[in-house]
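No gaps in the numbering here: position 161 of the sequence shown is 259 in my numbering, and each next residue is one more.
In this text, a Cβ means the ideal position worked out from N, Cα and C, and glycines have one as well.
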Amino acid sequence: MTQDNDELSIQIEDVSRWTPHEDQPGNGILLHTTRGDVHTIVHSNPDPDYRTNKAIVFVWGARGGFDGPAGGIYARLAEDLKYVATSIRIDYRLPNVIPECVLDTMAGLSFLSATGHTEIALVGHSFGGAVVIAAAPFSPMVKAVVALSSQTYGASNAGAVSPRPLLLAHGGADTRLPPSCSEQIYEWANEPKEMVIFPGAEHGLVECQDELDAMLKGWLVDRLNEGSADS
Numbered sequence: 099m100t101q102d103n104d105e106l107s108i109q110i111e112d113v114s115r116w117t118p119h120e121d122q123p124g125n126g127i128l129l130h131t132t133r134g135d136v137h138t139i140v141h142s143n144p145d146p147d148y149r150t151n152k153a154i155v156f157v158w159g160a161r162g163g164f165d166g167p168a169g170g171i172y173a174r175l176a177e178d179l180k181y182v183a184t185s186i187r188i189d190y191r192l193p194n195v196i197p198e199c200v201l202d203t204m205a206g207l208s209f210l211s212a213t214g215h216t217e218i219a220l221v222g223h224s225f226g227g228a229v230v231i232a233a234a235p236f237s238p239m240v241k242a243v244v245a246l247s248s249q250t251y252g253a254s255n256a257g258a259v260s261p262r263p264l265l266l267a268h269g270g271a272d273t274r275l276p277p278s279c280s281e282q283i284y285e286w287a288n289e290p291k292e293m294v295i296f297p298g299a300e301h302g303l304v305e306c307q308d309e310l311d312a313m314l315k316g317w318l319v320d321r322l323n324e325g326s327a328d329s
């Protein structure tokens, strides 16, 4: 992401390996950027001859991290989908600072672009929901956006996500960020847009883990395939 104002730009200067905790699947990739190092975990098809232009970027909440909600849904989805799409899970350099976290997301997009990916979905939870909504309009490579249990702060530009499809999912029993947050974002957004409320689920969406896994797997694959058909 590069704009006229240097304060709103980021570029990758180099890439190296790092070793994630042993309980984390995937490969540690460190993005050395003009704003500092961004730790990521990449999941890709183990077949060296396999090539795909599809990818998914996962970002989490205000404290950062790799796992995502619903008992670590990001690693599960990234591993389950690695035979059809490359995934990159990003840990923010400066958690809870939306502009910087958007730039980290853009660095992930830049890395994916450099490795041949042109059809990319963004997935964010809580604070990360606002991050992916804010980041999407900056890149034509973004073909779909998912915001889980999203906050409204930083997401008021949801209308600019269109014509990319936007999926909002929220727990009906969320007391940290009530489902009215997703309802407000839905009102701001333009078509195509969808909203799913899981009754009884709280902010972390653990109560609807199986339903959420199945829904996101199908939705992400379908939207990325639609993007390829349109390109």
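Contact under 7 Å by Cβ, residue i with residue j
i, j, result
"Leu-129", "Trp-116", "no"
"Leu-314", "Pro-167", "no"
"Pro-277", "Ile-295", "yes"
"Ile-139", "Gly-126", "yes"
"Pro-193", "Arg-149", "no"
"Gly-257", "Ala-287", "yes"
"Glu-285", "Leu-265", "no"
"Leu-322", "Ala-219", "yes"
"Gly-298", "Glu-305", "yes"
"Pro-263", "Pro-235", "no"
First through last residue of the alpha helix (DSSP H) which encompasses residue i
i, result
"Glu-300", "From DSSP, Glu-300 is part of no alpha helix (DSSP H); its letter is neither H nor E."
"Asp-202", "196-212"
"Gly-227", "225-233"
Supposed close pair residue i, residue j - CB separation, criterion 8 Å
i, j, result
"Ser-260", "Met-239", "Not a contact, Cβ separation roughly 16 Å."
"Gly-134", "Arg-187", "18 Å between Cβ atoms; not a contact."
"Gly-270", "Ala-245", "At roughly 16 Å, the Cβ-Cβ gap does not stay under 8 Å, so Gly-270 and Ala-245 are not in contact."
"Leu-310", "Ala-267", "7 Å"
"Ser-224", "Ser-248", "7 Å"
"Ser-208", "Lys-180", "Going by Cβ atoms, the distance from Ser-208 to Lys-180 rounds to 20 Å, so no, they are not a contact pair."
Residue i: first and last residue of the uninterrupted beta strand (DSSP E) it sits in
i, result
"Ile-108", "Counting along the chain, Ile-108 falls outside any beta strand (DSSP E), and DSSP gives it neither H nor E."
"Asp-189", "184-189"
"Leu-246", "240-246"
Any non-hydrogen atom of the ligand SAH closer than 6 Å to residue i Cβ
i, result
"Thr-213", "No copy of the ligand SAH appears in this structure; indeed no ligand is present at all."
Which runs of the beta strand (DSSP E) spanning at least 3 residues fall entirely within the segment 263-295, listed in chain order? 264-269
Residue ranges of each alpha helix (DSSP H) within the segment 153-182, 4 or longer: 167-178
Assess, as a yes-or-no matter, whether the segment 172-189 is touched by the segment 140-157 under the definition of 3 or more beta carbon pairs within less than 8 Å. yes
Looking at C-beta atoms only, is the number of pairs between the segment 166-181 and the segment 202-218 that lie closer than 8 Å three or more? no
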